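Novice: Here it is, the structure, as structure tokens.
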Amino acid sequence: MKSKSTINNNVCKNGLFVASVFLIFVSLINFTNQNSIIHAQSENEKGYDLNEVGGGAYVVSSTGYNSMFLVTGDGVIVVDAPPNIGDKIIDAISEVTNETAKYLVYSHAHKDHIGGAHVLPPGIEIIAQKDTSNFLKMANDTDRPLPTQIFDNETTITLGNTTLQLAYGGPYHQNGNIFIYAPQHKILMAVDQFSPGGTPWKHLAATPHVPSYIQSYDQVLNYDFDVYVSGHGIGTKDDVQLEKEYVNDLKNNAGFAISNVNFTEATKNANKSNNAEVTEAYFNSMTDVCVDRTDGKWKGKLQGVGVWTDEHCEKMIISIRND
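Take the sequence shown: its letters are residues 206 to 528, numbered as in our numbering.
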């Protein structure tokens with residue numbers, strides 16, 4: 206039978222360091238949160254792990270990175286192709302089906318998540334949000350082929366028996382990062398929002414806009430899903446809720462620090478002729494208050510607490526003052 210697929214596109218058709226330190230971190234993490242579906246990603250002789258997370262939906266994992274694919278009965282939809290997984294995706298697909306990969310979805314433009322796209326079969330349709338497409342045009346990187354179809358706010362892929370909804374809700378990690386939702390499977394993929402069992406990555410997931418990052422938790426929780434696939438781990442709605450509580454607590458503690466740290470006291474030992482030194486002393490004092498309050502409650506509950514809390518607190522303080 207001739208292959209049939211449709212793309213319902215409501216608009217149009219047609220910065221890259223994140224991973225090195227994060228790769229080390231997530232490779233070593235032992236996800237201890239009891240709500241996480243997969244607690245650690247082990248290596249084997251194949252160089253990847255393959256986990257079925259819903260009827261016909263699979264996650265390919267290697268050294269802490271994830272790609273997802275869905276077998277539809279009329280071809281395969283792939284989401285992301287990290288450089289360390291790209292050459293393994295086709296092998297993983299062949300373990301479960303003889304269907305060919307027809308679509309590749311880019312979650313966002315960062316190379317650590319799509320830098321293996323060039324090894325996928327020629328002619329595959331590549332779909333991305335327009336800001337991702339613009340980033341890739343500027344990057345001019347042959348490892349990350351330009352998308353063949355772009356959208357603005359949302360689009361839907363229908364292939365075989367599967368529907369995949371793509372939506373842009375704001376720059377929680379990078380302009381153009383999208384939510385990828387498989388309603389029939391009750392799976393939501395949000396890459397680099399956070400890793401189940403851990404806090405956000407450095408500086409609140411390196412977000413360019415903290416209010417959008419905070420908002421992303423409610424956006425995620427509004428979806429009806431059982432499985433949460435991140436770029437670095439797999440979890441549940443409970444993981445998202447716990448992380449939301451952490452981020453909200455962090456925001457409250459940052460606000461408390463802003464309201465309660467006395468500028469004169471905080472800067473009394475700083476060289477008053479050096480504005481940078483005065484500013485740093487003030488922000489360090491506010492950050493210390495936020496860190497003490499946050500770590501006192503959260504240490505031992507999430508990986509990353511006590512490691513990146515100072516970075517999260519400082520970024521949150523700056524956002525509250527400026528955004």
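All C-beta atoms in this analysis are idealised placements derived from N, C-alpha and C, irrespective of residue type, glycine included.
Quick caveat: nothing in here was measured; it's all calculated off a predicted structure.
1) Give the DSSP-derived three-state secondary structure of residue 230 in the structure shown.
2) Have a look at residue 363 and residue 252 and give me their C-alpha separation to the nearest angstrom.
3) Measure the C-alpha to C-alpha separation of residue 333 and residue 498 and round it to an integer number of angstroms.
4) Since residue 390 and residue 410 are thought to touch, with beta carbons under 8 Å apart, how far apart are those beta carbons, to the nearest angstrom?
5) What residue ranges within the segment 238-321 form continuous beta strand (DSSP E) runs of no fewer than 3 residues, ordered along the chain?
6) Would you mind stating whether residue 374 and residue 401 have Cβ atoms separated by less than 8 Å?
7) Would you mind working out which of 356, 340, 355 and 357 sits nearest residue 349, comparing C-alpha positions?
8) Using 8 Å for Cβ pairs, my map puts residue 519 next to residue 488. What's the rounded Cβ distance?
9) Taking 8 Å as the threshold (C-beta atoms), are residue 509 and residue 360 in contact?
10) Rank 435, 416, 329 and 344 by C-alpha distance to the C-alpha of residue 525 and give the top, closest one.
11) Are at least three pairs of beta-carbons, each pair with one atom in the segment 453-467 and one in the segment 475-495, less than 8 Å apart?
12) On the CB-based measure, 16 or more other CB atoms within 10 Å of its CB, does residue 272 come out buried or exposed?
13) May I have the straight-line CA-CA distance separating residue 382 from residue 318, to the nearest angstrom?
14) Rank 287, 276, 397 and 484 by C-alpha distance to the C-alpha of residue 259 and give the top, closest one.
15) Would you tell me roughly how many angstroms separate the C-alpha atoms of residue 242 and residue 392, rounded to the nearest one?
16) To the nearest angstrom, report how far apart residue 298 and residue 431 are at their CA atoms.
17) Enumerated in chain order, which unbroken segments of the alpha helix (DSSP H) with a length of 4 residues or greater are wholly contained in the segment 420-465?
18) In the DSSP assignment, what are the bridge partners of residue 394?
19) For residue 528, which residues in the same chain have their Cβ closer than 7 Å to its Cβ, ignoring the five residues on either side in sequence?
20) State yes or no: is the C-beta of residue 255 within less than 8 Å of the C-beta of residue 286?
21) Give the DSSP bridge partners of residue 371, in chain order.
22) In whole angstroms, give me the CA-to-CA distance for residue 424 and residue 513.
23) Which word fits residue 397, buried or exposed, when buried means at least 16 other C-beta atoms lie within 10 angstroms of its C-beta?
Specialist: Here's the rundown:
1) For residue 230, the pLDDT reaches just 41, beneath the cut-off of 50, and the residue's location in the model is therefore unreliable, leaving the point undetermined.
2) 31 Å
3) Their backbone Cα atoms lie some 40 Å apart in a straight line.
4) Actually they are not in contact, since the Cβ atoms of residue 390 and residue 410 sit about 25 Å apart, beyond 8 Å.
5) 254-259, 262-267, 270-276, 281-284 and 306-310
6) no
7) 340
8) 6 Å
9) no
10) 416
11) yes
12) With 16 or more Cβ atoms within 10 Å of its Cβ, residue 272 is classed as buried.
13) 11 Å
14) 276
15) Confidence is the limiting factor: at residue 242 the pLDDT is only 40, short of 50, which leaves the residue's position unreliable and the question unanswerable from this model.
16) The alpha-carbon atoms of residue 298 and residue 431 are separated by roughly 23 Å.
17) 442-465
18) 385 and 434
19) 415 and 416
20) no
21) As computed with DSSP, residue 371 is found in a beta bridge with 360 and 385.
22) Their Cα atoms are separated by approximately 24 Å.
23) buried
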